[in-house]
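Novice: Let me give you the structure first, and then I'll get to my questions.
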Amino acid sequence: MIKIETLEKILIFLAAVAVLCLRPSVVGEVYSTLSCALLAAVTVALFIVALHLQRPLVLEKYSALQLSVLVFIFYYVLLKAVIFMPTYNSVTEFKALFIFLSLAAAALLLLSNRRYATMFFDYFCIILIASCASVVISAMLFVVGFQSYQITFAHLTYTYSTGGDIVFPFTFIFPSATTWLGPIPRMSGIFREPGVFPVYACWAAAYAFQRGWILPISLVCLFSAIVCLSSIGAPLAFYTGAMILLLRVGFRPIPALLTIVVLGLLTWQAVYYSEYFGIAAKINSGSGSFEERQYLAAAALDAQDLIFGDGFGFSIFTTGPISLVAAIRVFGLVYYSAFILTYILAAAANFRFWLIGLVPAIATVMVAQPVFREPAFIILMLSVAVFVPLPQRKAATRSATPAPGMAASGRS
21 MIKIETLEKI
31 LIFLAAVAVL
41 CLRPSVVGEV
51 YSTLSCALLA
61 AVTVALFIVA
71 LHLQRPLVLE
81 KYSALQLSVL
91 VFIFYYVLLK
101 AVIFMPTYNS
111 VTEFKALFIF
121 LSLAAAALLL
131 LSNRRYATMF
141 FDYFCIILIA
151 SCASVVISAM
161 LFVVGFQSYQ
171 ITFAHLTYTY
181 STGGDIVFPF
191 TFIFPSATTW
201 LGPIPRMSGI
211 FREPGVFPVY
221 ACWAAAYAFQ
231 RGWILPISLV
241 CLFSAIVCLS
251 SIGAPLAFYT
261 GAMILLLRVG
271 FRPIPALLTI
281 VVLGLLTWQA
291 VYYSEYFGIA
301 AKINSGSGSF
311 EERQYLAAAA
321 LDAQDLIFGD
331 GFGFSIFTTG
341 PISLVAAIRV
351 FGLVYYSAFI
361 LTYILAAAAN
371 FRFWLIGLVP
381 AIATVMVAQP
391 VFREPAFIIL
401 MLSVAVFVPL
411 PQRKAATRSA
421 TPAPGMAASG
431 RS
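Position 290 of the sequence shown, counted from 1, bears residue number 310 in the numbering used here, the numbering being contiguous throughout.
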């Protein structure tokens with residue numbers, strides 16, 4: 021018979037799996053409702069176990085404020101969808117609210133106990149590390165001459181129709197990008213597109229570093245962000261890697277950030293004109309991706325109702341805002357400011373981890389990716405709870421938990 025403590029760990033692991041099966045993962049694009057149901061069931065079961073074991077449940081103030089603001093955001097959008105139905109999709113917003121509330125309930129429980137929070141994000145990170153390792157292995161196979169059809173073992177059809185092939189060991193691939201070694205497929209790990217993957221790879225590298233895990237883990241994650249062949253992969257990886265290096269050699273967070281800014285200014289031309297993957301190459305590729313993002317961001321402040329937004333019916337959007345800045349046109353400054361507040365609260369909770377692990381994610385959603393409202397992205401902003409200095413917590417919740425199967429020494 022399974023011990024109750026073992027069941028507790030299994031449930032927390034299943035919670036991590038369920039969250040990673042929500043958007044923007046590939047599974048979340050197809051089976052988000054089923055994943056949401058799994059998360060809800062696991063949350064109820066874990067709550068019963070917590071009561072049985074008399075686990076202390078005290079929500080740390082920054083997490084409480086973050087969750088409160090996020091609840092406001094989703095109800096705000098739903099209210100707009102109901103009132104202004106011609107310009108919003110109310111059915112979509114009801115579904116989004118349902119999924120978010122399942123995530124919020126799980127987060128409320130998991131973040132109310134330091135042991136639960138640490139175990140959850142450890143499992144979450146380990147799954148991401150496995151995905152990063154898979155990307156690296158697949159990239160090595162492509163480099164030595166394997167063709168995608170030779171190592172493709174499955175296909176999952178989802179809304180991003182140009183992707184869906186799964187190659188060994190387990191990586192979703194997109195059409196090839198031209199490199200110095202010839203055409204190599206772009207990889208997205210377990211996520212819906214290559215542009216999303218580096219956010220999670222860099223977060224995993226930062227989390228592993230902050231938890232005191234061995235350095236090669238972070239290096240694998242950073243390398244995977246580069247070899248996935250996303251335009252933002254290399255810049256994010258170099259930023260995160262530089263922060264980790266400078267902090268390891270004794271820099272304080274602010275001096276480390278300023279050092280990276282100076283280095284970035286000195287190397288900007290090289291980054292901009294880098295062959296194949298620089299911004300200039302992106303502009304000249306003919307895909308229109310860069311121009312679209314630039315135009316939509318520039319048009320963000322042209323809304324007729326800047327405070328509350330114009331909705332979809334009075335804007336240039338057809339499906340959804342392509343970045344958080346562009347979302348101002350649709351949902352207004354109220355919406356934008358609420359998200360910014362959640363990011364500020366994360367920084368207040370632990371500025372060091374925020375700089376390493378969350379700045380790349382925030383920078384990405386600001387201008388490049390529309391995942392700021394996706395459940396598996398929102399959870400990244402809540403991960404800072406693991407590193408909140410212990411004196412701010414009740415004494416009953418001060419027991420930190422090492423990573424499953426790894427020796428860890430948490431950093432504050």
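Just so it is clear, CB atoms sit at the ideal spot from N, CA and C, and this is done for glycine as well.
1) Report the residue from Leu66, Leu402, Leu87 and Ala116 whose alpha carbon sits nearest the alpha carbon of Leu99.
2) Helix, strand or coil for Gly165, going by three-state DSSP, please let me know.
3) Cutting at 8 Å between CB atoms, please list the residues of its own chain near Ile149, excluding the five before and the five after it.
4) Whole angstroms is fine: what's the gap from Ala70's alpha carbon to Leu130's?
5) Which whole-angstrom value describes the C-beta separation of Leu59 and Val39, a residue pair presumed to lie in contact below a C-beta threshold of 8 Å?
6) To the nearest angstrom, report how far apart Lys81 and Phe141 are at their CA atoms.
7) Residues in the same chain with beta-carbon distance under 7 Å from Pro44, minus the five sequence neighbours each way, listed in chain order, please.
8) From the DSSP secondary-structure annotation, give me the bridge partner or partners of Ala174.
9) Please classify Ile204: does DSSP put it in a helix, a strand, or coil?
10) Is the beta carbon of Ala383 closer than 8 Å to that of Arg349?
11) Report the partner residues of Thr138 according to the DSSP bridge assignment.
12) In chain order, which alpha helix (DSSP H) runs of at least 4 residues are fully inside the region 215 to 288?
13) Would you mind sorting Asp325 into buried or exposed? The rule is 16 or more other CB atoms within 10 Å of its CB.
14) With DSSP collapsed to three states, give me the class of Ala368.
15) Classify Leu285: buried if its beta carbon has 16 or more other beta carbons within 10 angstroms, exposed otherwise.
16) Under 8 Å by Cβ, that's how I've got Pro380 and Tyr259 pegged, so tell me the actual separation to the nearest angstrom.
17) Leaving out the 5 sequence neighbours to the left and right, which residues in its chain are closer than 7 Å to Val345 when beta-carbon positions are compared?
18) What are the complete alpha helix (DSSP H) segments, minimum 4 residues, inside the region 44 to 121?
Specialist: Here's the rundown:
1) Of Leu66, Leu402, Leu87 and Ala116, the residue nearest in Cα terms is Ala116.
2) Secondary structure of Gly165 (DSSP, three-state): coil.
3) If we look at Ile149 and ignore the five residues flanking it on each side, its Cβ neighbours are Ala224, Ala228, Ile237, Val240 and Cys241.
4) Answer to the nearest angstrom: the Cα atoms are 10 Å apart.
5) Between Leu59 and Val39, the beta carbon gap of about 7 Å places them in contact (Cβ cut-off 8 Å).
6) If I take the Cα positions, the gap works out to 19 Å.
7) Apart from sequence neighbours up to five positions away, the residues of its chain that approach Pro44 with a beta-carbon distance below 7 Å are Phe211, Arg212, Val216, Val391, Glu394, Ala396 and Phe397, ordered along the chain.
8) DSSP, once it has assigned bridges, lists Ile186 as partnering Ala174.
9) Reduced to three states, the DSSP call for Ile204 is strand.
10) No. Outside cutoff.
11) Partner(s): none; Thr138 has no beta bridge.
12) DSSP runs (the alpha helix (DSSP H)) wholly in the region 215 to 288: 217 to 230, 235 to 247, 253 to 268 and 273 to 286.
13) Its Cβ having fewer than 16 others within 10 Å, Asp325 is exposed.
14) DSSP places Ala368 in helix when its eight states are reduced to three.
15) Burial check for Leu285: the Cβ neighbour count within 10 Å stays below 16, so the residue is exposed.
16) With a contact defined as Cβ atoms closer than 8 Å, Pro380 and Tyr259 qualify at about 6 Å.
17) Closer than 7 Å at the Cβ level, and outside the excluded window around Val345, lie Ala317, Ala320, Met386 and Val387.
18) List check, alpha helix (DSSP H) in window: 46 to 73 and 81 to 103.
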